[in-house]
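Notes for the one structure printed next.
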Amino acid sequence: KNEVEQSPQNLTAQEGEFITINCSYSVGISALHWLQQHPGGGIVSLFMLSSGKKKHGRLIATINIQEKHSSLHITASHPRDSAVYICAVARGPGGGADGLTFGKGTHLIIQP
Amino acid sequence: KAGVTQTPRYLIKTRGQQVTLSCSPISGHRSVSWYQQTPGQGLQFLFEYFSETQRNKGNFPGRFSGRQFSNSRSEMNVSTLELGDSALYLCASSLNHGRDEQFFGPGTRLTVL
Chain A
4 KNEVEQSPQN LTAQEGEFIT INCSYSVGIS ALHWLQQHPG GGIVSLFMLS
54 SGKKKHGRLI ATINIQEKHS SLHITASHPR DSAVYICAVA RGPGGGADGL
104 TFGKGTHLII QP
Chain B
381 KAGVTQTPRY LIKTRGQQVT LSCSPISGHR SVSWYQQTPG QGLQFLFEYF
431 SETQRNKGNF PGRFSGRQFS NSRSEMNVST LELGDSALYL CASSLNHGRD
481 EQFFGPGTRL TVL
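First to last, the sequence lines map onto chains A and B.
Everything in the first sequence is counted per our numbering, starting at 4 for the first residue and increasing by one.
Everything in the second sequence is counted per our numbering, starting at 381 for the first residue and increasing by one.
Put into structure tokens, the structure is as follows:
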């Protein structure tokens, strides 16, 4: 079983819909990262969080440390949000020896 | 502030050759991490360098190595290339630690024939 599991693997939605991508992990972590990757390979860091909730524009990320679960929400989705969203965890505390461990990613397509 | 740069962007090699990839971090960032991305395995951590020292290493064979220079620029080397080494190689820089927010470069796409 992968240490970081994402769901769904693929998601197609209509413009304007509310999007939720889930990430569950099985190891103790010091931080969780949400990343966005567009076709062509470039990766952008969206959020890094270790507790609670963060918001940036139409994106919201939450994490529940006790349940080892995080969600990424996109409000009022737009075709430009189409990308692969990747969850990654940094082990902790003090256990960063393995670097980041990544989920397989969620392929999101927003249709106009 | 300039972002993370990687050179070259594309590379084609044949089996048995070796290759060196370069990464220049954001100015002031001291940690550089390297990742391999393949369709089958996804993103995997290769190693992290901080202050010219390898601080962490992923589960890759010894053919994969790297180094960091005093200006924080980093190189990774793959010797005796295999077909399975074909991948997108990404580096990311962060202020002080690989667990900090990471800023990714555009990647080097390596094809091994």
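Think of the CB as a built atom: it goes at the ideal place given N, C-alpha and C, for glycine as much as any other residue.
Legend entry - chain B contact residues for SER73(A), given Cβ-Cβ distances below 7 Å: Under the 7 Å cutoff, chain B gives no residues; its nearest Cβ is about 16 Å from SER73(A).
Inset, instruction - Pick helix, strand or coil for ARG83(A), following the three-state DSSP scheme. - result: helix
Legend entry - Own chain residues within Cβ distance below 7 Å of ILE32(A), not counting five before or after: VAL92, ALA93, ARG94, GLY95
Legend entry - Host beta strand (DSSP E) of GLY422(B) (start-end): 422-430
Legend entry - Per-residue burial, SER54(A) [other beta carbons within 10 Å of its own, 16 or more giving buried]: exposed
Inset, instruction - Could you have a look at GLY55(A) and say whether DSSP puts it in helix, strand or coil? - result: strand
Legend entry - Short CB-CB distance (under 8 Å) between GLN413(B) and chain A: Looking at the sequence provided, one finds Ser at residue 413(B) rather than Gln. Yes, contact with chain A.
Legend entry - Through-space distance from PHE440(B) to VAL492(B), alpha-carbon basis: 17 Å
Legend entry - Simplified DSSP assignment, three categories, for GLY446(B): strand
Legend entry - Delimiting residues of the beta strand (DSSP E) encompassing ARG435(B): 433-437
Legend entry - N- and C-terminal bounds of the beta strand (DSSP E) containing SER454(B): 454-458
Inset, instruction - Please classify LEU475(B): does DSSP put it in a helix, a strand, or coil? - result: coil
Inset, instruction - Compute the minimum distance between the beta carbon of ILE77(A) and the heavy atoms of the ligand GDP, and state whether it is under 7 Å. - result: You won't find the ligand GDP in this model; it holds no ligand whatsoever.
Legend entry - Bridge partners - GLN36(A), DSSP secondary structure assignment: Note on identity: in this sequence residue 36(A) is His, with Gln being the wrong assignment. Answer is MET51(A), ALA91(A).
Legend entry - Buried or exposed (CB count within 10 angstroms, at least 16 for buried), SER404(B): buried
Inset, instruction - Give the interface partners of PHE444(B) over in chain A, defined as CB-CB distance under 9 Å, in chain order. - result: By Cβ distance, chain A contributes nothing, its closest Cβ being about 13 Å from PHE444(B), past 9 Å.
Legend entry - Beta-carbon proximity list for SER85(A), same chain, < 7 Å, skipping 5 on both sides: LEU111, ILE112, ILE113
Legend entry - Contacts of GLY422(B) in chain A (Cβ-Cβ under 7 Å): PHE105, LYS107, GLY108
Inset, instruction - Would you give the residue range spanned by the beta strand (DSSP E) that HIS72(A) belongs to? - result: 72-77
Inset, instruction - Provide the residue(s) that pair with ASN25(A) in DSSP beta bridges, ordered along the chain. - result: SER10(A), SER74(A)
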